[in-house]
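For reference, the structure is listed below as structure tokens.
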Amino acid sequence: MDFARSIAGCALLLLPAVASGAEAPRYTVEKLADGVHAVIYNADVDVEGNTLIVINDDDVFVVDANAGLTTARATIEEIRKLTPKPVRYLVNTHWHDDHVFGNQAYADAFPGVQIIAHPLTRQDIIEHAFANNAFVLDLIASDIHRLGGYLATNTYREGKPLTPELKTRVENGLRTRKEMLVDRSQFRAVPPTVDVADSLTLTRGARTIEIKFLGRGNTRGDLIVYLPKERIVATGDLVVAPVPYATNVYAQEWVKTLDRLMDLPVTTVLPGHGPVMRDWSYVARVKSTIEQTLAGVAAAKQEGLTIAQTTERVQLPEARDAFVQGMETRRAGYEAFFRPTLVRNAWEELDADIMKAVASATLNRVAEGVYVHGVDGAGVTVLVNDKDVVLVNPPEAPAAARASVRAIRELTDKPVRYVVVTTPATPSHPGLDVFREVYTQADVVSGTASGKGIAVSDLLTLHRGTRDIRIIRAEDGSLVVEVPKERIRIARSGRVEVALRKTL
Ligand SMILES: [Zn+2]
Numbered sequence: 020m021d022f023a024r025s026i027a028g029c030a031l032l033l034l035p036a037v038a039s040g041a042e043a044p045r046y047t048v049e050k051l052a053d054g055v056h057a058v059i060y061n062a063d064v065d066v067e068g069n070t071l072i073v074i075n076d077d078d079v080f081v082v083d084a085n086a087g088l089t090t091a092r093a094t095i096e097e098i099r100k101l102t103p104k105p106v107r108y109l110v111n112t113h114w115h116d117d118h119v120f121g122n123q124a125y126a127d128a129f130p131g132v133q134i135i136a137h138p139l140t141r142q143d144i145i146e147h148a149f150a151n152n153a154f155v156l157d158l159i160a161s162d163i164h165r166l167g168g169y170l171a172t173n174t175y176r177e178g179k180p181l182t183p184e185l186k187t188r189v190e191n192g193l194r195t196r197k198e199m200l201v202d203r204s205q206f207r208a209v210p211p212t213v214d215v216a217d218s219l220t221l222t223r224g225a226r227t228i229e230i231k232f233l234g235r236g237n238t239r240g241d242l243i244v245y246l247p248k249e250r251i252v253a254t255g256d257l258v259v260a261p262v263p264y265a266t267n268v269y270a271q272e273w274v275k276t277l278d279r280l281m282d283l284p285v286t287t288v289l290p291g292h293g294p295v296m297r298d299w300s301y302v303a304r305v306k307s308t309i310e311q312t313l314a315g316v317a318a319a320k321q322e323g324l325t326i327a328q329t330t331e332r333v334q335l336p337e338a339r340d341a342f343v344q345g346m347e348t349r350r351a352g353y354e355a356f357f358r359p360t361l362v363r364n365a366w367e368e369l370d371a372d373i374m375k376a377v378a379s380a381t382l383n384r385v386a387e388g389v390y391v392h393g394v395d396g397a398g399v400t401v402l403v404n405d406k407d408v409v410l411v412n413p414p415e416a417p418a419a420a421r422a423s424v425r426a427i428r429e430l431t432d433k434p435v436r437y438v439v440v441t442t443p444a445t446p447s448h449p450g451l452d453v454f455r456e457v458y459t460q461a462d463v464v465s466g467t468a469s470g471k472g473i474a475v476s477d478l479l480t481l482h483r484g485t486r487d488i489r490i491i492r493a494e495d496g497s498l499v500v501e502v503p504k505e506r507i508r509i510a511r512s513g514r515v516e517v518a519l520r521k522t523l
């Protein structure tokens, strides 16, 4: 079992600081529309999921089940204050503990309740969340021992004195963990009963409720619940506030999923954690932070940085400050569950993309003596001339470059004389470095002067035996390569176009 993945749902246990704020109410109940209410926890204090309550003509529909028996029972009490109707449907938006461990409280209170989840969420609830209960019980017990020790000795971590503020936090941490210990000692597995892989629309009297899978993001099976008439959406942990959460996310897909989410014409957004939102501004900020992180990680990878160096590099201080708002507990959460984990997930995804491209790269003959090594017609073009070889567009990732070198070696043993870089940026990247190391006698041709390379100022024609190779510079410094004899044109993107116009 993947350990990191399996404990991802236990954020409460990994919180670097114990929660503070004993006097504040643990949750508030907010009316969102007629018959639609939300139970909202203070995300600065509790790692406890929000709940959406939808009261229909004959029954009640609920989204997310809290982290344990105690909090789920408290939510059920709130439902009973609102209506005598039974809860007939409960959605688990995803598999993390704080949204599913209350399932058994609902099954006890409302026999026959149908629990709805994505089929992969159902699998993850059984194989990760529920399967880890014994392990988590051990963690809670050791936490209780550690926190009890702080109180007994009146000292905190590393022998620091236990100030009144720290003491309150330790006492609160102890209280929530003791509650969890009791809850989880009575654990009974109540998994979902209804699969929704794509979408399901429930019509309950006058109410329409749409349950949708918009794509992967926070987990591989995130469902959202949309009330089209009331213009309300419950997002699950695709949206977590005031600090987003990214323990095991699918970073690239998360961006697209948030786009689809923001396409919904709503006026009220209930996030998985944190206060109700009235517009998409927070979600747009999360999306842009993910995009900036992806771009930062991609750039760092191109420079050949390690994952540790990349994590150090991709800080995005403006994004961080906007989320953290100068609060220490938020900063701790941001650094524990968002920034470094998002960087790691983005890194691994981009790595997997490159490895997939390397694995599926093939050497294709385009014309006599012209080959492309890469994926889908784009990649390095290999021009095998009478006595030598000219390469166009070395791949940027080192792994892809090494795969191309191997393929070129198997194709011909003629020496590589020129390596042409068509992109306008400085002709230097880790893939080119691989080519330089292997083809030490080759000159690098680009649209930008650099070192001992050849800079094309307008047009350069290489006469290689019976073949002419025309290299044309565009205004932005990018190059286009034409091989008139074979009627081939290589665009700056690396794509090879055959059958040029006769006028060439
Ligand atoms: Zn959550």
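Following my numbering, the numbering of the sequence shown begins with 20 at its first residue and continues without gaps.
Glycine included, C-beta positions come from ideal geometry on N, C-alpha and C.
No experiment lies behind these values; they were computed from the predicted model shown.
Screening all residues for a C-beta within a distance smaller than 6 Å of any heavy atom in ligand 1 leaves G68, H115, D117, H118, D256, G291, H292, in chain order. By the neighbour-count criterion, in which 16 or more other beta carbons inside 10 Å mark a residue as buried, K100 falls on the exposed side.
Across the structure, W273 and D487 are spaced so that their CA atoms are roughly 47 Å apart.
In this structure, G315 sits near V362, with a CB-CB distance shorter than 9 Å.
In this structure, E354 is the residue among E354, K104, I163, S447 with its C-alpha nearest to the C-alpha of V333. Within a 10 Å sphere around the beta-carbon of V209 sit 16 or more other beta-carbons, which makes this residue buried.
Each of E387, T182, E347, H115 was checked against the Cα of R239, and the nearest Cα belongs to H115. Between the C-alpha atoms of D214 and Y125 there is a straight-line separation of about 18 Å. Annotated three-state conformation of S465 is strand, per DSSP.
Less than 9 Å separates the beta-carbon of I135 from that of L219. Exclusion of the five residues before and after F206 leaves N152 as the residues of its chain whose Cβ lies within less than 6 Å of its Cβ. DSSP places D340 in the uninterrupted alpha helix (DSSP H) bounded by 336-343. M296 sits in a strand when the DSSP states are folded into three classes.
In the three-state scheme derived from DSSP, where H, G and I count as helix and E and B as strand, Y60 is classed as strand. L410 is the residue among D77, D298, L410, L257 whose C-alpha sits nearest the C-alpha of K433.
For K50, the enclosing beta strand (DSSP E) stretches over residues 46-52. Secondary structure at K100: helix, using DSSP grouped into helix, strand and coil. Of the candidates V155, V389, A338, the residue whose Cα lies closest to the Cα of K306 is A338. D214 is bridged by DSSP to A136. Exclusion of the five residues before and after T212 leaves Q133, I134 as the residues of its chain whose Cβ lies within less than 6 Å of its Cβ.
DSSP, read as helix, strand or coil, puts V258 in coil.
In the DSSP assignment, K375 falls within the unbroken alpha helix (DSSP H) covering 358-379. Counting only residues of its own chain and dropping the five nearest sequence neighbours on each side, V453 has a CB closer than 7 Å to the CB of P417, A420, R421, V424. Look at D487 here: in three-state DSSP terms it is strand. In the structure shown, N191 adopts helical secondary structure according to DSSP, grouped into three states. Within the same chain, Cβ atoms closer than 6 Å to the Cβ of N75 are found at R223, G224, R226, the five residues on either side in sequence being excluded. Beta-bridge analysis with DSSP links R492 to L498. In this structure, L498 keeps its C-beta atom at 9 Å or more from the C-beta atom of G450. In the structure shown, the three-state DSSP call for Y245 is strand. Judged by beta-carbon spacing, L280 lies beyond the 9 Å limit of V259, meaning their Cβ atoms are not closer than that value.
For L280, the enclosing alpha helix (DSSP H) starts and ends at 270-281. R203 and F120 have their C-alpha atoms some 9 Å from each other.
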